[in-house]
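A.B. asks:
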Amino acid sequence: MTEQTVDYQKTLNLPKTDFSMKADLVKKEPLIRQKWEKEDLYHQIIKKNKDKTKYILHDGPPYANGDVHVGTALNKILKDIVVKFKAMQGYYAPFVPGWDCHGLPIEHRVMNPVRSKSPEGTAVPTLSERTSNGVNQMSRWTSGKDATTSQIREECEKYARRYIEIQRRQFQSLGVLGEWHNPYLTLDPSYESAVIEVFSDLVKKGFIYRKLKPIHWCMHCETALAEAELEYADEKGPSVYVKFPIVDTTEMTQKLKTPNSALRTPHSFFIWTTTPWTLPANVAVAVHPDLEYAFVEYTNADTKRPEVLIFAEGLVEKVMKLLGINDYKVLFKLKGAKLENLQYEHPFIKRTCQVILADYVRLEDGTGVVHTAPGHGIEDYESGLKYNLPVLSPVDSKGRFTTEAQVFEGVRVWDADDKICQMLKDSGHLLLRQDMVHSYPHCWRCKKPVIFRSTEQWFISVDNHSARLKALEEVKKVRWVPEWGQSRISSMLEQRPDWCISRQRQWGVPIPVFYCTRCHEPLLDGKVIDFVKELFRKQGANSWFTKPTSELMPPDTKCNKCGGGEFTKEKDIFDVWFESGSSFRAVVIENNDLQFPADLYLEGTDQHRGWFQLSLLPSVMTRSEAPFKTVLTHGFVKTPEGDKISKSKGDLLLSDEMVSKVGADIIRLWIASIDFTDDIPVSMEILEEKADPYRKIRNTFRYMLGNLYDFSAEPSGSGGNPKTDLVKYSQLWEIDRWALNKLHRLIKDVTLYYDNFEFYRVFREIYEFCVVEMSAFYFDVLKDRLYTFAKDSPDRRVAQTALYEILTALVRIIAPILSFTAEEIWSHIRGINPKLEPSVHLSDFPEVDNSKIDQGLEERWQKILQVRSEVAREIEKLRKEDKIGSSIEADVKLYSDGAGVLEFLRTYEKDLPMLLKVSSIKVIEKKVSPVTGAIQMSVEITKSGHQKCQRCWNYTESVGKNPSHPALCSRCIAITDKY
RNA sequence: GGGCGUGUAGCUCAGUUGGUUAGAGCACACGCUUGAUAAGCGUGUGGUCGACAGUUCGAGUCUGUCCACGCCCA
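Spelled out as structure tokens, the structure:
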């Protein structure tokens, strides 16, 4: 480089800015966040829109356990993007985050910290680890005897609050703004009280009832167990084949049109079971409607008479071999569906039972005819509901048969296996007994095998007052994004059974019901429940466990049945889904800042069955409308290979880990770049891939900021800056108007995409705008004007005005997504215009100026861009031959005869060198064929014969003509003379 | 096994009511530039549109079957 060129460089207006190329997000983000916190940005935003239309996104509460990971981060950031966008659009959009605090996982962690190791690798010590006095308090509790419910609940609350703190910090570090210092917690007294209020409403409207339902039961611990509390282990037990005789063969022969000989031969359904002790509760046998069932005739070894066994055809050979019967005959066979409703006699209890159909019948084991005892199994129970079968469960809490089991009264169920087998053998019903080892559930605490036992549970009747139909109607009024959410939730609603809301646990909201000590009648009374509601509002649900029963109800409460005045309180608590399903009341209605129904619920697709459905039902039942206007769902994160994320394999990225590696804005950009309605592949690599688009966007801003270092955008007039550099739109060059046309198209599209929650389209549009339209074309062309023109020349100010408009609009467009970076950019823009709002998040979303959108202009420039790329292609050919370097060295001849094309090229002939960054353009009329590109023309490139201007680098005729400035072109001489 | 989805270049996405050689950006390769410089620009390579049938003059686009994956159930 010669000294002379260095001098000329000083006469240029090269970009200047403190906005660094390197993002350093990991370091900068915490500083920006601190500033937001200090200035209470969230409440400033809220205050700004105080009287505007409300937009309520109601946060679904995450569980207060474990660290925030990529899945939870995805959800919260999506919410944050929506809320920030709405706030910038001028809506009053408060965001009240919530936490689900009750429930089994926390209770488990507290009760048995050793077993339930946190898979998230949590930094929080478990309770036993935290016990500092040397006494391992928790392990003592593990026995379940020493701790009172209140003590356990206290520990649970501590645990939940600890994780709420952790998650709060992690969400905040992702840039999510909200009511972080006043979130809603399902353990807040006000929340607990609202849950009771919903229950009270349901009771008053008659939705609540009580009935038997089988649950896992440990007869050693005398307690109910949840699925998560079971440990499966191999267990040796009986495997028995029993015949259930058909008494009235007349009915059968008529119905099935079997030969009349059947009337004389005893027929039996042939069942198999591994739990003979449940046979006293047998009320049906299930067959598969589509399977073939065989009528197998053989000779009874004892009676020496023919008998017929009915069971699945596919198992005949296998089973007869097991029985050791070689001489048998399949009389005929028919579909299981035909057997429906046939009756048989219980083998040892006086009871007539029936055949039912069930899809779960399989041919893997047994006979294809399934012993059904609705009191002792979930599938049996569900079938029982369909056929209206009685739920028999003649077993007490210690596992002893009750009087209902007749001769077996007082026998323990495990002992009953043998006794029942013996009895069946004696009566000739038992054809085979073997022992087999199979996987069987055991109590996680005492390790003893558990049973299914039916107990009284509380239910919400889904069909009362046609609630199911109403809910289905409401579903149609809701906007589901994506649309298939509607069919998904509808089919679930159509099929779902009544909702069992009682749980035999401790960490939750108690069900406010009392039992008369005299007649044991449950007291389900709206007034009494409302008393509890008020009590909870003041003192929380803990009071249920600390106060005597008499203080939990209005004085002088009497039993409705017997008039007794003494009661015991319910021990069960609510299903946690009932709690979170009550959030529409506890949060959206209770909080005056919010508004029912909420505008948006936004959760993963699993919540169609969960929170959405279980919020919809209580809301429809108590308020006759859906709690949400729009429901948006996202898919689940999965591995790059498309498989389910496995915590144990370490696939699950933690929020802290991501934030400290790539920064929150990269995570946010990644989230904005994907179609989240589908499954979402994720890995650290996939995240890191977003660093590049980020840099591109960042550099686009850097270019604009750099070229506005000497620009004042503070508007003039009315006390504004008189020295403003802003120029009127009418003075803009056509290319500037083209750029603004593109900008306003972008604003228009992006606004629509944000409104439709299509953030990946927002991202795409922004990105292509930055890379293709601005960086590759407009900014490139602009360099000459910005760098080489006189500093305050009108033409340069015109370009800067356009840049300023683009900059200030674009930064607001990205703000909901790149919240930190946008804020950083904003602080630099405030140097150009100090009148701007202190934070980008306090500014308004840019509005489309339709007067700046010009279809004709756009089409003309589309052609110019085509010419540009065809010329570039030709230049590239010469470059490959080493004949030319930079395009600015090229002299270009455009040949055309095309109708309109020639004319078009001539119109822009003067501007084309600048637009194509070449030395010169000559448009020449000439017949061209064949045409290679999209334009009816051909291109010829030669290297310019002119000299290069040392200042502006253009090759023009005038260079060297002026003896006092031999290295400059005439334009540059005129400019430098001013200095 | 059932319900609801998804499957277009290595990645993220476009592909209108079925119609000419399936597009874009990134990545990659090769260059240019060195006045956005740990930046910027250009050109190029790359796809049997999950598979197989079918409807049609013609299918990524419609129909069916299958495969893979996810969510929720069983």
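Note that numbering that gives the first Met the number 0 has the first sequence beginning at 0, numbered continuously upward.
Glycine residues also receive a C-beta, built at the ideal position from the N, C-alpha and C atoms.
(1) Where does K994 sit, in a helix, a strand or coil, going by DSSP?
(2) For the candidate residues L431, K646, V461, L391, whose alpha-carbon lies nearest to that of A1052?
(3) Once DSSP output is grouped into helix, strand and coil, what is the label at S117?
(4) Would you grab the beta carbon distance between W271 and G365 for me? Rounded to a whole angstrom, and I think it's under 8 Å.
(5) Based on the DSSP output, what are the partners of Q433 in its beta bridges?
(6) Pull up the distance between the alpha-carbon of L255 and that of I309, whole angstroms please.
(7) Near Y240, which residues of its chain fall below 6 Å by C-beta distance, leaving aside the five closest residues on each side in sequence?
(8) Pick helix, strand or coil for F756, following the three-state DSSP scheme.
(9) Along the alpha helix (DSSP H) that carries A470, what are the first and last residues, could you check?
(10) According to DSSP, what are the bridge partners of L893?
(11) Cα separation between S396 and M110?
(12) For A227, list the residues DSSP reports as bridge partners.
(13) Taking 8 Å as the threshold, find out whether the region 204-220 comes into contact with the region 376-385 through three or more Cβ pairs.
(14) With a floor of 3 residues, list each beta strand (DSSP E) that falls wholly inside the region 309-374, ordered by position along the chain.
(15) When burial is assigned at 16 or more other CB atoms within 10 Å of the CB, is C518 buried or exposed?
(16) Where does C217 sit, in a helix, a strand or coil, going by DSSP?
(17) Looking only at its own chain, which residues have a Cβ that is under 6 Å from the Cβ of I696, when we skip the five neighbours before and after it?
(18) Quick one: residues in its chain with C-beta nearer than 6 Å to the C-beta of N340, no 5 flanking neighbours on either side, listed in chain order?
(19) Where W610 and K537 are concerned, what is the direct C-alpha to C-alpha distance, given to the nearest angstrom?
(20) Tell me the DSSP secondary structure of W483 in three-state form.
(21) Where do the ends of the alpha helix (DSSP H) carrying A663 lie?
(22) Measuring CB atoms only, is the region 802-821 touching the region 686-700, in the sense that at least three cross pairs come out at less than 8 Å?
(23) What does a CB cutoff of less than 8 Å around C558 pick up in its chain, not counting 5 residues either side in sequence?
(24) On the CB-based measure, 16 or more other CB atoms within 10 Å of its CB, does G662 come out buried or exposed?
(25) Count the other C-beta atoms from every protein chain shown that fall within 10 angstroms of the C-beta of H437, then say buried if there are 16 or more, exposed otherwise.
(26) Following the continuous beta strand (DSSP E) through Q606, name the residue where it begins and the one where it ends.
(27) Ends of the beta strand (DSSP E) at W543?
(28) For the alpha helix (DSSP H) that contains Y803, what are its first and last residues?
(29) Might you give, ordered along the chain, the residues of its own chain that have their beta carbon closer than 6 Å to the beta carbon of K203, omitting 5 neighbours on each side?
(30) Can you have a look at N181 and say buried or exposed, based on whether 16 or more other CB atoms are within 10 angstroms of its CB?
(31) Mind the definition here: the region 575-586 touches the region 146-166 only if three or more C-beta pairs lie below 8 Å; say whether that holds.
(32) Of the residues Q494, E823, W860, E226, which one's Cα is nearest the Cα of L739?
(33) Would you decide whether A973 is buried or exposed? Buried here means 16 or more other CB atoms lie within 10 Å of its CB.
(34) Between the region 326-338 and the region 168-177, can you find at least three pairs of beta-carbon atoms closer than 8 Å?
(35) Should K667 go down as buried or exposed, given a rule of 16 or more other Cβ atoms within 10 Å for buried?
(36) Would DSSP call G992 helix, strand or coil?
C.D. replies: To lay it out plainly:
(1) Because the chain is modelled from 0 through 978, residue 994 falls outside the range shown and cannot be assessed.
(2) Any answer about residue 1052 is impossible in this case: the structure gives the chain only from 0 up to 978.
(3) Any reading at S117 is ruled out, since the residue's pLDDT is 41, under 50, leaving its predicted position unreliable.
(4) 3 Å
(5) S238
(6) 13 Å
(7) W271, L430, L431
(8) coil
(9) 466-476
(10) V922, V938
(11) 22 Å
(12) According to DSSP, which records beta bridges pairwise, A227 is partnered with nothing at all.
(13) yes
(14) 327-334, 342-344, 351-356, 369-371
(15) exposed
(16) strand
(17) C769
(18) Q353
(19) 27 Å
(20) coil
(21) 663-672
(22) yes
(23) C515, R517, C518, E520, L522, G564, F566
(24) buried
(25) exposed
(26) Run containing Q606: none; DSSP gives neither H nor E here.
(27) Premise fails: W543 lies in the alpha helix (DSSP H), 542-545, not in any beta strand (DSSP E).
(28) 793-813
(29) G525
(30) exposed
(31) no
(32) W860
(33) exposed
(34) no
(35) Correcting the residue type first, residue 667 is Arg in the shown sequence and not Lys. Buried.
(36) Residue 992 cannot be examined here, being either before or after the span of the chain that is shown, 0 to 978.
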